Amino acid sequence: MILRLAVVAGVVLVAALAAVILQRRRPSAPTNPSAYVAPAQLDRHDFDDPHSPWLVAVFTSATCQSCSDVWGKAALLRSDDVAAMNVEVGDRPELHDRYGIEAVPITVLADADGVVRRSFVGPVSSTHLWGAMAELRSPGSVPENCGVAVEPDAADPG
């Protein structure tokens, strides 16, 4: 009986030790793979048409395939009231550095004061991009439940 208990205890100990070793050898997954952030404030004089009421800036890289797709969607927003600018890292590295851009594409929608009112990190659909701009320009214009998530105003505590 004592011999059996010793054997069972030995097997349990070996299994526990093996589990600990295997757990340590398994690579851990990143806890927040989307930790990249968009700037919260821009100096509008760093961008095209600084006096327009709105700016759509897309931070890109020439080697990024999804960047050209996002820029194509954003460029269509250009109008008398909306400036649109492709901020490619090879052409404007100082702006990527100044605004802490560590990943591309990053798209920001900023008002006349340079306050970023909406941003997208990574690829964005036309619906979300165009809907976000429509909602910013004319609050309440985007129907509820149309798939465009509009972030609450950071200055509004309620």
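Taking the numbering used here, the leading residue of the sequence shown gets 1131, the next gets one more, and so forth. The beta-carbon is built from N, C-alpha and C at its ideal position, and this holds for glycine as well. Being a predicted model, the structure only gives us computed values, none of them experimental.
For residue i and residue j, which I take to be in contact (beta-carbon distance under 8 angstroms), what is that distance rounded to the nearest angstrom?
i: L1185; j: A1213; result: 5 angstroms
i: V1246; j: Q1171; result: 6 angstroms
i: V1217; j: L1225; result: 5 angstroms
i: V1251; j: V1144; result: Wrong, their Cβ atoms sit about 47 angstroms apart, outside the cutoff.
i: R1174; j: G1244; result: 5 angstroms
Buried or exposed, going by whether 16 or more other CB atoms sit within 10 Å of the CB of residue i?
i: G1261; result: buried
i: P1160; result: Annotation note: pLDDT 45 at P1160 (below 50); position unreliable, no value reported.
i: M1131; result: exposed
i: A1139; result: exposed
i: T1237; result: buried
i: V1200; result: buried
Kindly indicate which three-state DSSP category residue i falls into: helix, strand or coil?
i: M1131; result: coil
i: S1158; result: In this prediction, S1158 scores a pLDDT of 47, lower than 50, which makes its location untrustworthy; the coordinate-derived value is nonetheless stated afterwards. Note: S1158 maps to coil in three-state DSSP.
i: R1208; result: coil
i: A1264; result: helix
i: S1271; result: coil
i: V1254; result: coil
Could you name the residues that DSSP lists as bridge partners for residue i?
i: E1218; result: T1190
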